[in-house]
Structures are given as C-alpha cells and as structure tokens.
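Reading through the structure tokens given below for one structure.
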Amino acid sequence: MSFLKGIAASSGIAMAKAYRLVEPDLSFEKKAIEDTAWEVERFQTALSTSKAELDAIREKANVELGADKAAIFEAHLLVLSDPELISPIEDKIKTEKVNAEHALKEVADMFISLFEQMDNDYMKERAADIRDVTKRVLSHLLGIQLVNPSMISEETIIVAEDLTPSDTAQLNRQFVKGFTTNIGGRTSHSAIMARSMEIPAVVGTKTATVDIQHGDFIIVDGLKGEVHVNPTLEIIARYEEEQICYEEQKAEWAKLVNEKTVSADGHHVELAANIGTPNDLEGVINNGGEGIGLYRTEFLYMGRNELPSEEEQFESYKAVLEGMNGKPVVVRTLDIGGDKELPYLNLPKEMNPFLGFRAIRLCLEEQDLFRTQLRALLRASSYGNLKIMFPMIANLDEFRAAKAILEEEKQKLVSEGVNISDNIELGIMVEIPSTAIMADQFAKEVDFFSIGTNDLIQYTMAADRMNERVSYLYQPYSPAILRLVKMVIDAAHKEGKWAGMCGEMAGDETAIPLLLGLGLDEFSMSATSILKARSQILRLSKMEMEELAEKALQMSTTDEVIEAVKALSEKVVSM
Ligand code: PEP
Ligand code: MG
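The letter at position 91 of the sequence shown is residue 91 when you use the UniProt record's numbering, and the numbering goes up by one with no holes.
Rendered as structure tokens:
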C-alpha cells in the first residue's frame with residue numbers, strides 16, 4: 001500500500017485498476033546475423049502481427065470513435081503493405097546481414113526524413129504514419145507490448161506522465177473512471193478536459209508512473225488531490241462512504257438547477273459553462289448553465305489529420321447555438337499553441353511555445369484558416385445568441401486586424417445573400433497583462449471582456465501553468481492578479497460593457513467571493529462546478545464581498561487573502 005499527493009484537478013472519487021499509459025523503451029543494439037532467412041521470417045511475423053493488431057484497432061475505432069479516427073489506422077495498414085518500404089528492409093537484412101530491428105529503423109528513418117523535407121502536407125503526414133508503424137513493428141520484434149488507450153475495455157484509471165488534450169479526447173468515458181499524471185496543474189488542458197468529462201483526476205503527483213504498476217488497484221481522490229495505491233480494506237470502505245456523501249451533496253446542489261444566480265442581497269450574476277465540443281452541451285443543461293461563456297473551438301481541430309471544413313464547423317456551431325436555445329454562447333476563435341498542438345499544421349518547434357506563434361497570432365497570419373472559421377461562425381449566427389471572442393490579444397492592433405477580417409467576411413456573406421445575425425457581440429480574452437493594463441482603451445472598442453486567468457496568471461507571475469514545481473507562484477488569489485482583474489472589470493463598466501471570466505479561477509470556491517465583490521458580471525466554468533458555485537453565491541452578500549475585495553486589494557501576500565476569505569466563509573456557514 002502506498003500514497004501519493006498531487007493537485008486535485010477534477011472532483012469526485014474513482015476506484016479501479018491502474019492502466020499505465022507509458023511509452024515503452026524500444027531501444028535495441030545492431031547485431032550481425034548468420035541465418036538471414038530466419039531473420040527475414042522473424043520480420044515477416046512481426047509485420048503480420050502488427051497488421052492483425054491494427055485491423056482490430058481500426059474496427060474498434062470505427063465503432064466507438066467514428067470513421068474519421070479509424071482512417072488513421074487505415075493509413076497505417078497501407079504503409080505496412082507498401083513494397084517500397086518493406087522490400088528494402090528485407091534486402092538490407094539479406095545483403096548487410098544485420099538484425100531486423102536495425103534494418104527496419106534505418107530504412108524507415110530514411111523515408112521519414114525524405115518525406116519530412118518535402119514541401120507537401122500530405123507527404124509530411126506520411127512521415128508521421130511511418131514513424132507510428134515502425135514503432136509498432138519494432139515492439140513486436142522486441143516482444144514489448146505497446147499501450148493503446150482506445151482498446152481499453154474494462155474499468156480503469158489511467159496513469160501517465162502527462163496526457164495531451166487529444167489523448168484525453170480519445171478516452172472512452174464508459175471505461176476510463178479517472179486519471180492521474182506525474183506533471184500538470186489545475187489549469188493544464190488535460191485537467192480541464194477531465195472536469196468537462198466529469199472524471200476524477202489528480203495531476204502533478206511527480207511519481208505516479210514510477211509508484212504505480214499496471215493492474216494495481218488505485219483510488220483517485222479528485223477532491224483532496226490524493227492517490228492511494230493498493231489500499232487496505234479499511235481505506236476502501238472509508239472511500240465508499242465518502243463517495244456516497246459526495247453523491248448526496250451533489251443531489252442537494254441539483255435542486256438549484258433552474259434557479260437564477262442571485263446573491264443574498266439581490267445582485268444577479270450569470271453562471272455560464274466552458275465547453276470543448278457540442279457533446280458537452282448535455283452537461284451544461286443538466287447543471288443549469290445560464291449560457292456558454294467559453295467554447296474552446298480548438299478541440300474541433302484536434303485528433304484528426306486535416307483542418308475541419310467550413311461546413312463541418314458550421315454544423316458544430318449551429319448545434320451549440322440551437323442547443324442553448326437563445327441563451328448566450330461565447331465562441332472563441334482558434335486558440336492553438338502552448339499545450340494544444342495540431343501536428344498536421346507542421347509548425348516549427350519553438351523554445352517557448354506558450355510565448356510563441358499561437359492563437360490570434362497564427363490566425364492573423366494563416367488567414368485562410370481564420371476566414372474559414374469566421375465564415376462558419378457568421379453563417380451559424382442566425383441560429384442563436386452568438387458572441388465571438390478572440391484569444392490571446394496582446395494589443396489593440398491585433399484586435400483591430402482581427403475585427404477587420406471578420407467585417408470583410410461578413411460583407412462577403414451578406415452580398416451572397418446569407419442570413420447573418422445583426423446582433424453579434426465581439427469581445428476579447430484578457431490573458432496577457434499588457435491587455436489588462438490597457439483595458440480602458442480596449443473597452444472603447446470591444447463589446448465585452450472575458451478574463452482568461454489560466455494564462456493571465458502564468459504570464460503575470462512568469463510561472464508555467466503546467467509545471468507543478470512553480471505552482472507555488474501560480475496563485476489566483478495573489479493581490480497582483482486581483483488588481484489586474486479589478487482594472488479589467490472597472491474599465492468595462494466605465495464604458496457600459498460587461499466583464500466575464502472563463503479561466504478556472506471563476507469556478508474556484510475561494511475566488512468566487514472576491515470576484516463577486518470586484519463586480520464580475522459573468523462567471524464561466526466547467527459545467528460540473530456551476531451548481532456548487534450557485535449554492536455558494538446564493539449565501540453571499542455582494543455588499544460584504546465588496547468590502548472583502550477592497551481589503552484584499554490592499555493586502556501584501558496571497559496567504560493574507562486566503563485567510564480573509566476563509567474567515568468570512570466560516571462566518572457565512574455559521575450564519
Ligand atoms: C485561459 O487562459 O484562462 C483560458 C480560459 O484559455 P485556455 O485555458 O484555453 O488557455
Ligand atoms: Mg488561455
């Protein structure tokens with residue numbers, strides 16, 4: 001039995017067997033071979049086992065994930081049957097008398113570098129296919145099992161170094177009961193996805209992949225940020241009770257699903273949800289979301305081999321707008337970069353991807369991609385209450401340039417006779433300190449702000465949101481952050497605009513009293529946090545929170561702020 005402490009990333013308690021999603025070591029030595037016929041046969045066997053395995057994966061992906069995802073494996077099967085790749089490997093084994101592993105790697109590497117150098121996206125994708133397939137054949141030659149999360153067919157908890165957003169998107173909710181990772185923080189995208197999928201998660205344990213073996217029975221406590229490995233029967237019984245308590249608590253909150261969010265002294269705020277795909281809508285409705293405060297459209301672009309078409313995007317946006325039935329839907333234009341990669345764009349690796357060529361910076365340069373998305377959005381606008389927001393805006397020039405492109409596409413569509421809403425609000429995410437500081441200027445030109453604290457905190461504190469070693473600096477309650485938030489809200493109100501927040505801070509129990517006091521109009525969070533937040537706000541007085549916020553802004557440390565909120569919460573609970 002052992003115990004790991006990490007960061008509570010998605011609430012709830014999960015108990016199941018561990019599934020280690022860890023890249024295996026596929027290293028080998030070059031060897032001289034006497035019996036080359038036997039070596040060729042060994043290679044052929046590895047090839048056919050790989051084909052059979054890929055066939056099964058393709059079938060399963062087709063049924064569970066759709067033809068789109070299955071097509072990736074179809075391409076892999078084609079590579080395995082391509083004589084232009086296979087024959088040179090066999091020739092190499094025979095003529096150079098080397099082991100199959102070495103021949104395979106040499107030939108595959110030659111094709112990979114050839115394809116990667118080509119100025120052709122299709123060929124570059126083939127390089128990625130060859131790399132994947134080589135790994136599979138190599139694993140069979142070495143007798144090592146490759147992990148494959150899409151083949152999971154029993155209840156499991158994923159244990160990994162980290163999960164990329166696209167890994168997370170491929171997890172099957174039916175079987176994956178929770179996950180725990182070595183790295184990451186509360187605002188890494190895998191954690192955000194876990195919350196929207198309602199699966200408990202503990203991230204940043206540092207050593208989960210070392211301390212947990214495949215098949216160990218583990219408990220992931222996403223409320224306290226703890227992982228128990230092979231726990232005693234006593235601990236299991238305690239958690240079974242806690243699970244029941246948590247369900248009872250959720251049932252209490254569920255009674256608020258149709259209530260408005262009004263403070264104890266009558267001030268209304270809007271509680272909206274953050275979503276990644278139209279599939280998340282059901283959770284928003286079930287949790288009483290008053291709107292969508294952030295639709296992260298980049299998930300439409302991930303887990304596939306090419307850009308989504310205008311039509312496909314239009315259908316997704318329309319589905320969300322119709323599903324929300326006239327309630328506000330804030331759609332954020334593509335925010336790729338940082339920990340959200342799109343391999344098929346073949347962007348060069350950067351030293352500091354969070355500070356690099358991403359989000360609106362990329363969209364302003366790759367205008368075809370941006371215009372396609374804007375057209376899809378504009379066309380969908382007549383199906384509901386659409387608001388468009390640009391991510392990672394650093395200065396007014398960027399906002400003006402993006403707005404001008406939007407206007408151009410609007411004019412084109414109007415002249416084509418397309419019906420477009422004449423009431424689309426246009427806003428920006430405030431994620432970069434320069435924009436918070438200049439909020440008074442922006443407020444004259446935008447319709448609203450949505451404060452993206454996940455990034456705003458990392459850029460203000462110079463502390464990577466994914467790095468648990470600097471998580472002590474990554475503090476939403478820091479007076480520095482509160483002052484920036486205040487600047488943004490005040491600037492919006494001065495111009496008669498509204499200010500929302502869609503960073504994870506908006507759903508944070510300790511931050512909510514402060515944000516209410518600072519005058520935030522819209523709180524957008526994981527759907528699963530909405531009812532809890534509503535139950536909290538119903539008990540708070542806006543006037544008292546204004547006093548609290550005023551004091552917090554003058555405090556010198558984060559701990560003082562936390563203490564002040566705690567003292568007040570105890571008072572509220574005992575009232
Ligand atoms: C943010 O930065 O706060 C935000 C909501 O955007 P993302 O988490 O997708 O970077
Ligand atoms: Mg962001």
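We treat Cβ as the ideally placed atom computed from N, Cα and C, and that holds for glycine.
For Asn-352, the shortest C-beta to heavy atom distance toward ligand 2 is 7 Å or greater. The closest heavy atom of ligand 2 lies 7 Å or more from the beta carbon of Asn-467. The C-alpha of Gly-500 lies about 6 Å from the C-alpha of Phe-449. Where His-228 is concerned, the enclosing beta strand (DSSP E) starts and stops at 226-229.
The beta carbon of Gly-452 sits closer than 7 Å to at least one heavy atom of ligand 2.
Cβ atoms of Ile-236 and Val-227 stay farther apart than 8 Å, at about 14 Å. Here Tyr-239 has Ile-13 and Ile-219 as same chain residues with Cβ atoms under 6 Å from its own Cβ, once five neighbours each way along the sequence are excluded. When secondary structure is reduced to three states using DSSP, Pro-328 falls in the strand class. Exclusion of the five residues before and after Met-555 leaves Pro-479, Val-561 and Ala-564 as the residues of its chain whose Cβ lies within less than 8 Å of its Cβ. Counted as a single uninterrupted DSSP element, the beta strand (DSSP E) harbouring Thr-156 occupies residues 156-160.
Closest in C-alpha terms to Ser-153, from the list Lys-31, Ala-264 and Lys-17, comes Lys-17.
Three or more Cβ pairs closer than 8 Å define a contact, and the segment 538-553 falls short of that threshold against the segment 491-506. Look at Ser-150 here: in three-state DSSP terms it is helix. Assignment of Leu-4 by DSSP, reduced to helix, strand and coil, places it in the strand class. Between the alpha carbons of Asp-129 and Ala-75 lies a gap of roughly 7 Å. For Lys-177, there is no enclosing alpha helix (DSSP H); the enclosing beta strand (DSSP E) covers residues 176-181. Counting the other Cβ atoms within 10 Å of the Cβ of Ile-244 gives fewer than 16, which makes it exposed. Collapsing the DSSP output to three states places Ile-218 in a strand. The beta carbon of Arg-296 sits closer than 7 Å to at least one heavy atom of ligand 1.
Each residue's CA atom was taken as its position, placing Ile-530 and Glu-270 some 10 Å apart.
When only Cα atoms are considered, Asn-419 and Ala-264 end up about 43 Å apart.
In terms of CA proximity to Val-485, Cys-502 leads the group Asn-182, Gly-496, Cys-502 and Arg-361.
Restricted to the segment 418-463, the beta strand (DSSP E) segments that are unbroken, complete and at least 3 residues in length are 425-430 and 448-451, listed in chain order. In the DSSP assignment, Ile-292 falls within the unbroken beta strand (DSSP E) covering 292-296. With a contact defined as Cβ atoms closer than 8 Å, Leu-77 and Leu-54 qualify at about 5 Å.
Contact check for Leu-141 against Ala-100 passes: the beta carbons are separated by less than 8 Å.
When secondary structure is reduced to three states using DSSP, Arg-361 falls in the helix class. According to the DSSP assignment, Tyr-383 belongs to no alpha helix (DSSP H), since it is labelled neither H nor E. Secondary structure note for Phe-314: its alpha helix (DSSP H) is the uninterrupted segment 310-323. Nearest in C-alpha terms to Val-133, of all of Asp-109, Thr-180 and Arg-296, is Asp-109. The C-beta of Leu-321 has 16 or more other C-beta atoms within 10 Å across all chains shown, which makes the residue buried. Taking the Cα of Gly-452 as reference, the smallest distance to any Cα among Asp-464, Thr-460, Gln-441 and Met-429 is reached at Met-429. Note on geometry: alpha-carbon atoms of Thr-558 and Arg-361 lie some 33 Å from one another.
Around the beta carbon of Leu-4, 16 or more other beta carbons lie within 10 angstroms, which makes this residue buried.
Counting only residues of its own chain and dropping the five nearest sequence neighbours on each side, Glu-90 has a CB closer than 6 Å to the CB of Val-40.
Setting aside the 5 residues that flank it on each side, Leu-256 is surrounded in the same chain by Gly-288, Leu-531, Arg-534, Ser-535 and Leu-538, each with a C-beta closer than 8 Å to its C-beta; the list follows chain order.
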